[in-house]
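Number of protein chains: 2
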Amino acid sequence: MGKKEVIVLKDLLGTNKKIAAEIREELRKRGILAVNLMSSPGSGKTSLLEKLADLIKPRARMAVIEGDIETERDAERIRSRGIPAWQITTGGACHLEAKMIGRILPEAEPDIDLLFIENVGNLVCPASYELGEHLRCVLLSTPEGDDKPKKYPKAFTTSDCLILTKADLLPYLPFDVERVKKEALELNPKLEIFLTSAVRGDGLHELVDYFFSERRKLQAPGA
Amino acid sequence: MGKKEVIVLKDLLGTNKKIAAEIREELRKRGILAVNLMSSPGSGKTSLLEKLADLIKPRARMAVIEGDIETERDAERIRSRGIPAWQITTGGACHLEAKMIGRILPEAEPDIDLLFIENVGNLVCPASYELGEHLRCVLLSTPEGDDKPKKYPKAFTTSDCLILTKADLLPYLPFDVERVKKEALELNPKLEIFLTSAVRGDGLHELVDYFFSERRKLQAPGA
């Protein structure tokens with residue numbers, strides 16, 4: 000990159016971080032845990048959210064912000080589960096930014112417990128932008144291959160949790176779950192790792208427990 | 000984006016386009032067809048190149064430039080097939096640019112027939128950067144889902160060919176090949192579409208024929 004580009008990028012990231020911090024604090028005060036889901040296109044973010052919706056809906060109030068380059072397809076899928084969803088279409092941009100979330104919050108219902116933000120499908124760029132989330136989760140689907148953490152490290156080093164998806168396809172793929180876990184933990188020893196299948200339901204209850212547990216930490220005195 | 004960011008981006012894309020045009024013309028003079036492969040992480044770009052190498056090697060001289068954020072893993076896989084490969088690690092950047100290709104070309108053997116450039120795994124950003132390629136191919140793997148063309152349109156509207164990969168997984172997935180073809184052709188009626196499986200070999204001979212046929216067009220008088 001040229002000098003001018005580097006300066007613009009620094010300005011952009013600095014401003015974004017400041018807006019993200021404000022959003023994070025506002026959501027905490029309102030008792031809302033915000034979760035930023037990042038992954039490649041087609042790793043199963045929306046399918047996971049559909050299944051989580053079925054488990055969370057009887058217990059708590061959930062809402063979703065969908066980030067996509069084009070189309071309202073993902074928000075429509077979530078709404079059809081009876082969950083409020085806002086679609087951000089970036090019109091070409093490769094990631095969400097905090098200011099896009101900030102524009103939606105005033106119109107969001109005040110009584111949400113869990114707010115999921117599905118980022119644009121991209122394992123690279125979203126990792127550089129905080130959105131005001133309290134938890135950041137990277138998804139990796141089994142068909143993408145077990146060599147991905149070290150090839151796309153930033154999404155893994157900046158996340159709190161790794162959700163391996165499409166476990167139901169393991170019998171048909173050369174995907175070594177232990178290799179991925181080892182490599183991901185070498186990059187980030189604090190990662191919580193879940194092996195899931197939206198089709199069969201594997202690991203979804205554990206994941207829901209994790210989100211509720213993290214929400215309780217948010218509400219603890221001094222959080 | 001702010002005004003300053005837009006201006007920097009325009010400068011960058013303009014400069015990139017100029018370098019790409021020079022590379023494209025130099026490669027044409029040298030009789031080298033350059034193919035830019037773009038897709039999400041884990042769509043099977045490297046696996047496809049490994050299998051194409053086995054088919055192309057007896058007939059012609061092939062070389063590969065591998066673009067990744069980190070690691071030499073993909074170049075090592077290609078070299079182990081007896082094919083020259085150069086690794087570009089972008090160190091965080093989400094796409095290749097023409098100047099990166101320009102730096103490699105002087106050290107590349109002069110007697111190459113087909114040069115494949117495997118872009119960084121990212122279905123968004125690489126679509127905005129020409130690399131000096133004569134053919135641009137977007138890969139979409141069946142596990143990524145059949146709703147992707149209209150969600151990530153630029154990779155499809157700017158490509159010459161769409162390579163559907165992992166056809167061997169079709170029995171286990173809700174992926175409608177006809178839906179994808181229809182949607183992709185609505186975006187770009189000129190797309191050549193191939194349904195392939197690197198595991199089973201489906202569609203690979205057709206794809207090799209296509210590359211050789213495009214190379215002959217390059218050499219035709221007035222090309």
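Residue numbers (numbering that gives the first Met the number 0), protein chains in the order written: chain G, 0 to 222; chain P, 0 to 222.
Note that the Cβ used here is the ideal one computed from N, Cα and C, for glycine as well.
The structure presented is a predicted model; accordingly, all values stated were derived computationally and were not measured.
{"query": "Interface flag, Glu191 of chain G vs chain P, CB-CB below 9 Å", "result": "no"}
{"query": "For Ile82 of chain P, the three-state DSSP class (helix, strand or coil)", "result": "coil"}
{"query": "Cβ of Glu69 of chain G within 9 Å of any chain P Cβ", "result": "yes"}
{"query": "With 16 other Cβ atoms within 10 Å as the buried cut-off, status of Lys50 of chain P", "result": "buried"}
{"query": "Residues from the segment 108–137 of chain G in contact with chain P, defined by Cβ distance under 9 Å", "result": "Val119, Gly120, Asn121, Leu122, Val123, Cys124 and Ser127"}
{"query": "Whether Leu32 of chain P touches Arg178 of chain P by CB criterion (9 Å)", "result": "no"}
{"query": "Local conformation of Ser38 of chain G per DSSP, three classes", "result": "coil"}
{"query": "Within chain P, the residues that Leu168 of chain G reaches when beta carbons sit closer than 9 Å", "result": "Pro142, Leu168, Tyr171 and Leu172"}
{"query": "Through-space distance from Ala62 of chain G to Tyr209 of chain G, alpha-carbon basis", "result": "17 Å"}
{"query": "Per-residue burial, Arg102 of chain P [other beta carbons within 10 Å of its own, 16 or more giving buried]", "result": "exposed"}
{"query": "Environment of Asp67 of chain G [buried if 16+ CB atoms lie within 10 Å]", "result": "buried"}
{"query": "Exposed unless 16 or more other CB atoms sit within 10 angstroms - verdict on Gly202 of chain G", "result": "buried"}
{"query": "Cβ contact check for the segment 120–136 of chain P and the segment 14–25 of chain P: 3 or more pairs under 8 Å", "result": "yes"}
{"query": "Exposure label - Ser42 of chain G; buried when at least 16 CB within 10 Å", "result": "buried"}
{"query": "Ser39 of chain P and Leu139 of chain P closer than 9 Å at C-beta", "result": "yes"}
{"query": "Chain P contacts made by the segment 179–204 of chain G, where a contact means CB separation under 8 Å", "result": "none"}
{"query": "Opening and closing residue of the alpha helix (DSSP H) in which Ser46 of chain G lies", "result": "Lys44 to Ile55"}
{"query": "Per DSSP, the bridge partner or partners of Met99 of chain P", "result": "Met99 of chain P is not bridged to any residue."}
{"query": "Neighbourhood of Leu190 of chain P by C-beta, 8 Å cutoff - its chain only, sequence neighbours within 5 removed", "result": "Phe155, Ser158, Asp159, Cys160, Leu161, Ala183 and Leu184"}
{"query": "Buried versus exposed call for Glu205 of chain P [16 or more other C-beta atoms within 10 Å across all chains shown]", "result": "exposed"}
{"query": "Cβ separation of Glu117 of chain P and Leu48 of chain P, assumed to be a contact under 8 Å, to the nearest whole Å", "result": "6 Å"}
{"query": "Arg23 of chain P in three-state terms, based on DSSP", "result": "helix"}
{"query": "Distance CB(Ala107 of chain P)-CB(Lys16 of chain P) smaller than 9 Å", "result": "no"}
{"query": "Under 7 Å by beta carbon: chain P residues contacting Pro57 of chain G", "result": "Correct list: empty, because the minimum Cβ distance to chain P is about 27 Å."}
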